[in-house]
Amino acid sequence: MFAYLREVSQSFDLIVLDPPPFIRRRQDLQAGLKGYKEINVQALRLLSPGGHLFSFSCSQHLSEADFLQTIQFAAADIGRRVRLLKHLGPGPDHPTNLIHAEGTYLKGVWLQIGD
Numbered sequence: 000m001f002a003y004l005r006e007v008s009q010s011f012d013l014i015v016l017d018p019p020p021f022i023r024r025r026q027d028l029q030a031g032l033k034g035y036k037e038i039n040v041q042a043l044r045l046l047s048p049g050g051h052l053f054s055f056s057c058s059q060h061l062s063e064a065d066f067l068q069t070i071q072f073a074a075a076d077i078g079r080r081v082r083l084l085k086h087l088g089p090g091p092d093h094p095t096n097l098i099h100a101e102g103t104y105l106k107g108v109w110l111q112i113g114d
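Going by numbering that gives the first Met the number 0, 68 is the number at position 69 of the sequence shown; the sequence numbering is gapless.
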């Protein structure tokens, strides 16, 4: 997917990123953050002004705050203005245990690219 996103030259109104977990172990955090940043950089680069990005992570060792910050850094690196429309997460059929923070591994954001 990384190679494909780098090669595409057309723009899109909607992109959905739902990659496999880039961070399977705690020690993979830094490498995984680079992966999430790169895939979001490429998607943000391809979006038309006003376009929408749905970006997801299922890495249990990545907090929602770090996920969002990684996307913010990606947008800043390429000079794109991005608005957060909604935080996304698991549906009611996927409950999480409040004393097991890593169980809240499904996270996502709905973003809109500024004009």
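Glycine included, each C-beta is placed from N, C-alpha and C at the ideal position.
key: For Arg23, the first and last residue of its enclosing alpha helix (DSSP H)   = Note, Arg23: premise wrong, no alpha helix (DSSP H); not H, not E.
Pick from Ile70, Pro18 and His93 that is closest to Ile112, judged by C-alpha positions = Ile70
query = Does the distance from the C-beta atom of Asn39 to that of Leu13 stay below 8 Å?
reply = no
message = Quick check on Ser62 - is its C-beta less than 8 Å from some C-beta in chain D?
response = No chain D is part of this structure, which consists of one protein chain only.
ask   = Where do the ends of the alpha helix (DSSP H) carrying Arg5 lie?
value = Phe1 to Glu6
key: 7 Å CB neighbourhood of Ser58 in its chain, flanking five on each side removed   = Pro20, Phe21, Ile22, Gly31 and Tyr104
key: Close Cβ partners of Leu28 (< 8 Å) along its chain, the five nearest in sequence each way excluded   = Ile22, His60 and Leu61
request  = Just mark Ser54 as buried or exposed, buried being the case when its beta carbon has 16 or more other beta carbons within 10 Å.
outcome  = buried
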